[in-house]
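Asks: The number in the working numbering is simply the position in the sequence shown, starting from 1, with 744 added.
Idealized CB from N, CA, C, for every residue including glycine.
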Amino acid sequence: MDGMSIGPRELSDSCVTETVMPRPDAPDAMWQHTLRRPISSIGTGLHTGRRIALSLAPAPVDTGIIFRRTDLDGRIIPAVYDHVVDTRLSTVIGDAAPSSPLRVATIEHLMSALCGCGIDNAYIDLDGPEVPVFDGSASEFMFLLDCAGRERQAAARPTLEILRTVRVEDGDAFAELSPPTTDGLTISMSIEFAAPAIGRQIFSARVCAASFRRDLENCRTFTLRHEIDALHAAGLARGGSLENAIVVDGDRILNPTGLRRPDEFVRHKVVDVIGDLYLSGAMIHGDFHGHKSGHTLNNRLLRALMADTTAWRLHGAPLHKGQIGRVAA
């Protein structure tokens, strides 16, 4: 963006247990990464139905993921859990003031792809209030990130180690993070729907670049046929179609091409979890267990975790907090 720049996000007061630079021969996963070059695309917003231009660009060490609304003079929204202002149908970050236009919706698939590719620092420019949905999965974002390339940076990656279990519940639904049973992030998710086409599904995976590409990236968002009219009446899902979402009607899949995987529904929920957890500002080392968990519980879990500083330990770079709307001179 010409004539505009922002510095690294302000540091939080969280305790950092290890800040040493990785050895030159340290594994790639210990270093921060950004994009090698900018990349752009245009797509439709799932809920607004608007055509929106999306650009991804490299960012300096310790910047994190920063969204910039180019239609609002480049005002920024750092992708951080406590900037989440709505979770009813997607994850929305921005200014909490009800009348404020400074928001970005449907960020979860892009955030998931950034995590899956191991991108720590990037500027995300949008000329509208929503990230394009593309085909309803993370595939297009992975394609864009692959085209942009990945570049190692001379700084340690922030990793958040879970020390004790933190859990949030809503009726029979729950989400929890527990100390890791293996290296990195492991996700175990179960869902249960009355629609026979979905039913009860369970999926578990250790999250890494290979498993994300193999098991998760092409799994699409979904909706129930009987909910669509209510969504349209509320001014939502204006950009939804069989080209960017699975539509379920009882025991039928209405998409002519059917499902990409028999358990595509629960796998997509795992994609959502990865994107929502990446709003921690770090790669999480721990085990996630969820049942019927959505964006609301995922964000509640992060807030509960970060509020209890005895439940986690930070390694590498410090976590960061950013100011919404700030544009540096």
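Would you list the residues sitting across from Met933 in a DSSP beta bridge?
Replies: Bridge partners of Met933: Phe947 and Gly1034.
Asks: So the candidates are Val828, Thr835, Phe947 and Ile906; which of them puts its Cα closest to the Cα of His719?
Replies: Here the chain comprises residues numbered 745 to 1073, so residue 719 is not present and cannot be evaluated.
Asks: In whole angstroms, what is the alpha-carbon distance linking Leu833 and Thr1053?
Replies: Near 30 Å, if we compare the C-alpha coordinates of Thr1053 and Leu833.
Asks: Output needed for Pro1000: all residues of its chain with C-beta closer than 8 Å, excluding positions within five of it in sequence on either side, in chain order.
Replies: Excluding sequence neighbours, Pro1000 sits near Leu986.
Asks: Terminal residues of the continuous beta strand (DSSP E) containing Ile741?
Replies: Since the first residue of the chain shown is 745 and the last is 1073, residue 741 is not available in this structure.
Asks: Have a look at Thr814 and Ile837 and give me their C-alpha separation to the nearest angstrom.
Replies: So the two alpha carbons sit approximately 16 Å from each other.
Asks: Under 8 Å between the Cβ atoms of Leu779 and Ile863?
Replies: Cβ atoms of Leu779 and Ile863: closer than 8 Å.
Asks: Answer with buried or exposed for Gly915, where buried requires no fewer than 16 other C-beta atoms within 10 angstroms of its C-beta.
Replies: With fewer than 16 other Cβ atoms within 10 Å, it is exposed.
Asks: Would you mind working out which of Glu884, Val829 and Ile972 sits nearest Asn853, comparing C-alpha positions?
Replies: Looking at the sequence itself, residue 853 is His, so the reference to Asn does not match. Among Glu884, Val829 and Ile972, the Cα nearest to that of His853 belongs to Glu884.
Asks: Can you give the beta carbon distance from Ala803 to Ser784, rounded, assuming they're within the 8 Å contact cut?
Replies: Actually they are not in contact, since the Cβ atoms of Ala803 and Ser784 sit about 16 Å apart, beyond 8 Å.
Asks: Applying the criterion that 16 or more other CB atoms from any shown protein chain within 10 Å of the CB defines a buried residue, is His791 buried or exposed?
Replies: Label assigned to His791: buried.
Asks: Suppose the cutoff is 6 Å on Cβ atoms and the five residues either side in sequence are ignored; what does the same chain contact list for Glu1008 look like?
Replies: Here the set comprises Cys963.
Asks: Let me know the secondary structure DSSP gives Val1015 once reduced to three states.
Replies: It is helical.
Asks: Note down the Cα distance separating Arg1057 from Phe887, rounded to an integer number of angstroms.
Replies: When rounded, the distance between both Cα atoms is 33 Å.
Asks: Could you compute how far the alpha carbon of Asp830 sits from the alpha carbon of Phe937?
Replies: About 23 Å.
Asks: Just verifying my parser: in three-state terms, what is the DSSP assignment at His827?
Replies: Note: His827 maps to helix in three-state DSSP.
Asks: May I have a chain-ordered list of the alpha helix (DSSP H) segments no shorter than 4 residues that lie completely inside the region 834 to 892?
Replies: Correct list: 852 to 861 and 883 to 892.
Asks: Between the Cα of Ala900 and the Cα atoms of Met774, Leu1045, Gly1030 and Leu1046, which residue gives the shortest distance?
Replies: It is Met774.
Asks: May I ask you to report which of helix, strand or coil DSSP gives Ser799?
Replies: The answer is strand: DSSP assigns Ser799 an E or B state.
Asks: Do Gly983 and Gly789 have their CB atoms nearer than 8 Å?
Replies: Contact: yes.
Asks: Does Val992 come within less than 8 Å of chain D when only Cβ atoms are used?
Replies: Among the protein chains of the structure shown there is no chain D, as only one such chain exists.
Asks: When you compare only the Cα positions, how much space is there between Arg795 and Thr909?
Replies: Between Arg795 and Thr909, the C-alpha separation is close to 42 Å.
Asks: Could you check whether Gly1069 and Ile809 sit closer than 8 Å to each other, using their CB atoms as the reference points?
Replies: The answer is no: Cβ separation not under 8 Å.
Asks: If you check the beta carbons only, do His1012 and Phe966 fall under 8 Å apart?
Replies: A contact, by the Cβ cut-off of 8 Å.
Asks: Based on Cα-Cα distance, which residue from Met933, Asp1031, Ala954 and Pro940 lies nearest to Ile946?
Replies: For the residues Met933, Asp1031, Ala954 and Pro940, the minimum Cα distance to Ile946 belongs to Met933.
Asks: In whole angstroms, what is the alpha-carbon distance linking Leu980 and Asn865?
Replies: Cα-Cα distance, rounded: 31 Å.
Asks: Pull up the CB-CB distance for Ala882 and Ser844, whole angstroms please, since I reckon it's below 8 Å.
Replies: The pair is not a contact, with the Cβ atoms about 28 Å apart (cut-off 8 Å).
Asks: Could you tell me the alpha carbon to alpha carbon distance between Leu870 and Leu1045, rounded to whole angstroms?
Replies: Rounded to whole angstroms, Leu870 to Leu1045 spans 28 Å at the Cα level.
Asks: If Asn988 sits next to Gly872, beta carbons under 8 Å apart, how far is it from one beta carbon to the other, in whole angstroms?
Replies: Not quite, the Cβ-Cβ distance comes to about 16 Å (not below 8 Å), so this is no contact.
Asks: I'd like the list of long-range same chain contacts for Ile786, defined as Cβ closer than 8 Å, with 5 residues on each side in sequence excluded.
Replies: Same-chain partners within the cutoff: Arg795, Ile796, Ala797, Leu798 and Pro876.
Asks: Reducing DSSP to helix, strand and coil, say where Glu895 ends up.
Replies: In the structure shown, Glu895 sits in a strand (DSSP, three-state: E or B).
Asks: For Ala917, which residues from the same chain have a beta carbon less than 7 Å from its beta carbon, with the 5 sequence-adjacent residues on both sides left out?
Replies: Closer than 7 Å at the Cβ level, and outside the excluded window around Ala917, lie His1035, Lys1036, Ser1037 and Leu1041.
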